[in-house]
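Note sheet for the following structure.
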Amino acid sequence: MRDGDLLQTNVLGVDFDNITLDDAVALCLDYTKSRNGHYIVTPNPEIVMMANKNSLFKAAIAASSLTVADGIGVLYASKIIGRPLKGRIPGIDLASKLIEELAKQNKSVFLFGSKPGIAEKAADNLTAAYPGLVICGTENGYFTDDSLIIEKINTQSPDFLLVCLGAPKQELWMHKNAHQLSVGVMAGLGGSLDVFAGVVDRAPERWQKLGLEWLYRLLKQPSRIGRMAKLPMFLVYAVFERLKGNRHG
Ligand code: UDP
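In the numbering used here, the protein residues as written are 887 to 1135.
This is the structure in structure tokens:
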């Protein structure tokens, strides 16, 4: 489903689209003109490492319409490897910018994921922040029956579906169901609904600009240390990849 014009950069086994935030938003807006179940994934280093151990997960990422680098670690790795990406595109930035544009056209958004009550809080905040936005449905991410959720989504046929179930659940869910979903575009966005709902803080802009969002999250949620401990190894693998590349000319 990938657009043939997109340039890709392979970072440790995952093909990233080398694209800016504005171009990614424009592409997503274009996807909303049809109902072809396009989906976007936003891997960070932890997800790349996970994908290398799980072939189904890797296939779900590869089958996406757009793969953008969420996380400074992927950007560093792309530079180390010698195939630098244009920049990082945090999933939540992509979602915010896309929602802002959709609101201007009175287009519809469906919020799926997170704990009960969170998507509704996020809906209140988003409609207050972006007048004109149509939130056409919400559903929490703790479910047992896919078909009920799919029916609810398809009844609304949203322009944009946020799928916030955490990785790899959200990518596997989109891959499995893309063909039967009537959505313009959907994206796997982890904890974004928690941020839109105001129950989790995002790092202040200065931290984001310094590429220290990961450190802020770690300080706020020290239990993430196990997940983040993978980042140094990720960069070491990138160095190996570079050395291997140099040896092979
Ligand atoms: N989640 C969910 N269903 C599940 C497991 C997780 O809806 O079965 C939600 C969880 O409530 C949280 C999000 O998925 O809102 C995952 O957030 P996390 O911060 O781990 O994701 P990240 O942003 O790091 O990818």
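For every residue, glycine included, the Cβ atom is placed at its ideal position computed from N, Cα and C. Bear in mind that the values here come from a model prediction, so they are computed numbers and not experimental data.
Pairwise C-alpha distance: residue j and residue i
i, j, result
"serine 982", "leucine 1096", "20 angstroms"
"proline 976", "threonine 928", "7 angstroms"
"arginine 974", "leucine 952", "13 angstroms"
"isoleucine 905", "serine 964", "13 angstroms"
"lysine 1007", "valine 1086", "12 angstroms"
"aspartate 956", "serine 1068", "26 angstroms"
"cysteine 1022", "threonine 918", "15 angstroms"
"leucine 942", "methionine 935", "13 angstroms"
"isoleucine 933", "valine 897", "12 angstroms"
"alanine 1073", "glycine 1003", "20 angstroms"
Secondary structure of residue i, DSSP reduced to three states
i, result
"glycine 999", "strand"
"leucine 1067", "coil"
"aspartate 1045", "coil"
Residue i: CB within 8 angstroms of a non-hydrogen atom of ligand 1
i, result
"aspartate 1031", "no"
"leucine 1051", "yes"
"valine 1086", "yes"
"glycine 1076", "yes"
"leucine 1067", "no"
"leucine 1104", "no"
"isoleucine 1004", "yes"
"lysine 972", "no"
"tyrosine 1016", "no"
"tyrosine 1028", "yes"
"glycine 999", "yes"
"lysine 1055", "yes"
Close beta carbons around residue i, own chain, < 8 angstroms, minus the five adjacent residues each side
i, result
"isoleucine 1035", "Phe998, Glu1025, Phe1029"
"leucine 907", "Gly973, Ile975, Asp979, Leu980, Lys983"
"leucine 915", "Leu984, Glu987, Leu988"
"valine 995", "Ile985, Leu988, Leu1012, Leu1019, Val1020, Ile1021, Cys1022, Pro1044, Asp1045, Phe1046, Leu1047, Leu1048"
"glycine 968", "Arg1128, Gly1131"
Presumed contact (8 angstroms Cβ cut-off) between residue i and residue j, rounded CB distance
i, j, result
"asparagine 992", "valine 1020", "6 angstroms"
"valine 1081", "arginine 1088", "5 angstroms"
"leucine 1121", "glycine 959", "7 angstroms"
"valine 954", "alanine 912", "Between alanine 912 and valine 954 the Cβ distance is about 13 angstroms, and since that is not below 8 angstroms, they are no contact."
"methionine 1060", "tyrosine 925", "4 angstroms"
"glycine 1018", "cysteine 1050", "Wrong, their Cβ atoms sit about 22 angstroms apart, outside the cutoff."
"alanine 1053", "glycine 1076", "7 angstroms"
Residue-chain proximity (residue i, chain B), Cβ-Cβ < 9 angstroms
i, result
"alanine 989", "Although the question refers to chain B, the structure presented lacks it and comprises just one protein chain."
Cβ neighbours of residue i in the same chain (closer than 7 angstroms, five flanking residues each side left out)
i, result
"aspartate 1032", "Asn1063"
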